[in-house]
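K.L.:
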Amino acid sequence: MEDKQTNNRRILLIYFSLSSQTKNLVHALMDGLREQQVEVLEERLEPDETLRFPIGSITATVSIMLQTFFRKRVKIKPVSQHCFNHFDFIILAGPTWSYNPSGAVLSLLDRDGAKLFNGKVVLPLISCRGYWRMHWYGLKRLLKKNGASLLNPIIFSHPTSEPWRTIGVFLKLAGKTPEKNSFISRYYRKYGHNRKQIKEAHHFGTMIGDALNRDLDLNTLDFKTKIALP
Ligand SMILES: Cc1cc2nc3c(=O)[nH]c(=O)nc-3n(C[C@H](O)[C@H](O)[C@H](O)COP(=O)(O)O)c2cc1C
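Take any residue in the sequence shown, note its place counting from 1, add 6, and you have its number in the working numbering.
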């Protein structure tokens, strides 16, 4: 069913999020798009196996990091049938896992990649602590192999400086609370993206919606701002 309030611009937003960071970004982005009367269909990838955040222990975290380095897949439930309908373009969003796309996004590409992305325009969105380049190159290659053409990616990295964000993410995954540790909390206040970045994601949504409404070339949009990639 078409939404009567829209100008018939339709975007499919497919995403995976383990610890809600991608989810927070895409929800803000979606609000910005909807304010521009763009219709957005949201599809969250649901694991079909047990996957918890936090992972819970140091050993289990190291083990998952190793497995994800070798691109271990996470089984996912089938996506809704409407994902295969026509959209102006598709946003594919998810976190970086050990320099790769997450196991859930890799599973989606293995299983539905050709049917979902062949001949489609895709805007990738990456949420990471800071190391996204290998992920981006790998994702670009896989999407192109599946027949997609790509828009400039949206990349958000955690705003905390090193080495604290690496230590903080690792401890957080292992089930600790570094932001409450009297020493570490001086340098590591919060896990993940900050409010400014969520606002920036909303702004990107508005920018994209406005460009769509004015029939502008979406590839002229540049998302590499100091807020998104501090
Ligand atoms: C198993 C695992 C591996 C990760 N590896 C990386 C990495 O290689 N580079 C990076 O920048 N962030 C890495 N991260 C951090 C996540 O990309 C980051 O916390 C992201 O914001 C999480 O998004 P989500 O909450 O939507 O899952 C890793 C996280 C997990 C769980």
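Ideal Cβ placement from N, Cα and C applies to all residues, glycine included.
If we ignore side chains and look at the alpha-carbon of each, how far apart do GLU6 and ARG220 end up?
P.N.:
Residue 6 cannot be examined here, being either before or after the span of the chain that is shown, 7 to 236.
K.L.:
Compare the C-alpha of ASN14 against each of ARG40, SER26, TYR21 and name the closest.
P.N.:
Looking up residue 14 in the sequence shown gives position 8. Cα-wise, what sits closest to ASN14 is ARG40.
K.L.:
Is it the case that the CB of ILE70 approaches a heavy atom of ligand 1 more closely than 6 Å?
P.N.:
Taking the sequence shown and counting its residues from 1, the one referred to as residue 70 is at position 64. Yes, the Cβ of ILE70 comes within 6 Å of a heavy atom of ligand 1.
K.L.:
Taking the alpha carbon of TYR21 as the point to measure from, which residue in GLY38, GLU52, VAL44, ASP37 has its own alpha carbon closest?
P.N.:
If you number the sequence shown from 1, residue 21 lands on position 15. Nearest option by C-alpha distance: GLU52.
K.L.:
Which residue marks the beginning of the alpha helix (DSSP H) containing GLY100, and which one marks its end?
P.N.:
Against the sequence shown, residue 100 aligns to sequence position 94. It is not in any alpha helix (DSSP H) - GLY100 instead sits in the beta strand (DSSP E) that spans 95-103.
K.L.:
From the DSSP output, in three-state form, read off PRO184 for me.
P.N.:
As a position in the sequence shown, residue 184 is number 178, starting the count at 1. Three-state DSSP puts PRO184 in a helix.
K.L.:
Measure the C-alpha to C-alpha separation of ARG58 and ASN225 and round it to an integer number of angstroms.
P.N.:
Locating residue 58 in the sequence shown gives position 52, counting from the first residue. Locating residue 225 in the sequence shown gives position 219, counting from the first residue. Taking the straight line from one Cα to the other gives about 36 Å.
K.L.:
Does the region 174-181 come close enough to the region 143-157 that 3 or more CB-CB pairs lie under 8 Å?
P.N.:
Taking 8 Å as the limit for Cβ pairs, the verdict is that the region 174-181 does not touch the region 143-157.
K.L.:
What ranges does the beta strand (DSSP E) occupy inside the region 145-169, keeping only unbroken runs of at least 3 residues that lie completely in it?
P.N.:
With a minimum length of 3 residues, the continuous beta strand (DSSP E) runs that stay inside the region 145-169 are 160-163.
K.L.:
If you check the beta carbons only, do ARG192 and ARG135 fall under 7 Å apart?
P.N.:
By 1-based counting over the sequence shown, the position of residue 192 is 186. By 1-based counting over the sequence shown, the position of residue 135 is 129. Going by C-beta atoms, ARG192 is not nearer than 7 Å to ARG135.
K.L.:
Between the region 119-135 and the region 28-35, do at least 3 Cβ pairs fall closer than 8 Å?
P.N.:
Output reads yes: the region 28-35 touches the region 119-135.
K.L.:
Could you give the uninterrupted runs of the beta strand (DSSP E) lying entirely in the region 12-40, keeping only those of 3 residues or more?
P.N.:
Complete beta strand (DSSP E) runs here, min 3: 16-21.
K.L.:
Assign SER108 to one of three DSSP states: helix, strand, or coil.
P.N.:
Reading the sequence shown from its first residue, position 102 is the one you call residue 108. Correct three-state label for SER108: coil.
K.L.:
I'd like the list of long-range same chain contacts for PRO165, defined as Cβ closer than 6 Å, with 5 residues on each side in sequence excluded.
P.N.:
Numbered from 1 along the sequence shown, position 159 holds the residue referred to as residue 165. Correct list, in chain order: ASN200, PRO236.
K.L.:
For SER191, name the three-state secondary structure that DSSP assigns.
P.N.:
What you label residue 191 is simply residue 185 of the sequence shown in a count that begins at 1. DSSP places SER191 in helix when its eight states are reduced to three.
K.L.:
If we ignore side chains and look at the alpha-carbon of each, how far apart do LYS126 and PHE95 end up?
P.N.:
Looking up residue 126 in the sequence shown gives position 120. Looking up residue 95 in the sequence shown gives position 89. Computed Cα separation, rounded: 6 Å.
K.L.:
Tell me whether PRO101 counts as near ligand 1, meaning its Cβ is closer than 6 Å to at least one heavy atom of that ligand.
P.N.:
Taking the first residue of the sequence shown as position 1, residue 101 is located at position 95. True, at least one ligand heavy atom lies under 6 Å from that Cβ.
K.L.:
For ILE160 and THR65, what's the separation of their Cα atoms in angstroms?
P.N.:
Here residue 160 refers to the residue found at position 154 of the sequence shown. Here residue 65 refers to the residue found at position 59 of the sequence shown. Cα to Cα, the separation comes out at about 32 Å.
K.L.:
Enumerate in chain order the residues of its own chain whose CB-to-CB distance from LYS232 is below 7 Å, with the five nearest sequence positions on each side excluded.
P.N.:
As a working note, residue 232 is residue 226 in the sequence shown. Excluding residues within five positions, none has a Cβ falling inside 7 Å.
K.L.:
May I have a chain-ordered list of the beta strand (DSSP E) segments no shorter than 3 residues that lie completely inside the region 37-75?
P.N.:
For the region 37-75, whole beta strand (DSSP E) runs of length 3 or above, ordered along the chain, are 45-50.
K.L.:
Got a sec, what are the start and stop residues for the beta strand (DSSP E) ILE132 sits in?
P.N.:
The residue labelled residue 132 in the question sits at position 126 within the sequence shown. Per DSSP, ILE132 belongs to the beta strand (DSSP E) from 127-134.
K.L.:
Secondary structure at ILE204, three-state DSSP: helix, strand or coil?
P.N.:
Position 198 of the sequence shown, counting from 1, holds the residue named residue 204. Residue state, collapsed to three classes: helix.
K.L.:
To which residues does DSSP link ILE82 through a beta bridge?
P.N.:
Looking up residue 82 in the sequence shown gives position 76. Per DSSP, PRO53.
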